[in-house]
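**Student:** Can you keep this structure in mind? I'll have questions shortly.
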Amino acid sequence: MNQHQIIITQYNPKYAEQTVKMWRDSKEQAIGQKEIHSFENHVYFLNTILPEQFQINLALIDDRVVGMIASNETEISQLYIHIDYQGMGIGQTLLDKVKAKSNGRLTLYTFEVNENAQRFYEKNGFKIIGRGHENEENLPDIQYEWISK
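The sequence shown runs 1156 to 1304 under this note's numbering.
Spelled out as structure tokens, the structure:
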């Protein structure tokens, strides 16, 4: 990764197809389930629904989408890293940016089967505050909270 510069930038719809492909691949690897929505519906969600409540940032290497985060000052809605670029600090870079812009408290959900995400969030100071499975995938999930020190 040292030879590649990571650029963090605000989401631009010109990256919609790359972003959704990366998102779907990463999520499928993390939870072992195919995405339940069509590719087109996923692009619509990214371009129309998600930006109503969340700021979306992309991580780019050589104009290729390698990560994305959707957040506001109190919540992280989505955080996905390209499966070929995980473990390289991209998620850390995106998370640090969001923490800096937060109001000092962030919540998020992750799937119980996604142990890599759990380790990542716990390493970054997030604590479990709830459990359940109120999601479209009908999988148990974990609610986390981070409070700035």
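Just so you know, even glycine gets a beta-carbon here, dropped at the ideal spot from N, CA and C.
Note that the coordinates shown come from a computational prediction; the quantities given were computed from them, not determined experimentally.
1) Can you round the beta-carbon distance between residue 1265 and residue 1299 to whole angstroms, since I take them to be within the 8 Å contact cut?
2) First and last residue of the alpha helix (DSSP H) that includes residue 1173?
3) Under DSSP, the alpha helix (DSSP H) around residue 1196 begins and ends at which residues?
4) Thinking residue 1212 and residue 1262 are a contact (beta carbons under 8 Å), I'd like their distance in whole angstroms, please.
5) Could you say which of 1193, 1256, 1223 lies nearest to residue 1162 if we only look at CA atoms?
6) In the DSSP assignment, what are the bridge partners of residue 1260?
7) Ignore the nearest five residues each way along the sequence and tell me which others in residue 1286's own chain have a CB closer than 6 Å to its CB.
8) What does the alpha-carbon distance come out to for the pair residue 1277 and residue 1289?
9) Got a sec? Which residues, its chain only, sit under 7 Å from residue 1226 by beta carbon, not counting five neighbours each side?
10) Give me the Cα-Cα distance between residue 1188 and residue 1182, rounded to the nearest whole angstrom.
**Tutor:** Reading it off the structure:
1) 7 Å
2) 1171–1186
3) 1194–1199
4) Actually they do not touch by this definition, with Cβ atoms about 18 Å apart.
5) 1223
6) 1302
7) 1297
8) 22 Å
9) 1209, 1210, 1232, 1253
10) 8 Å
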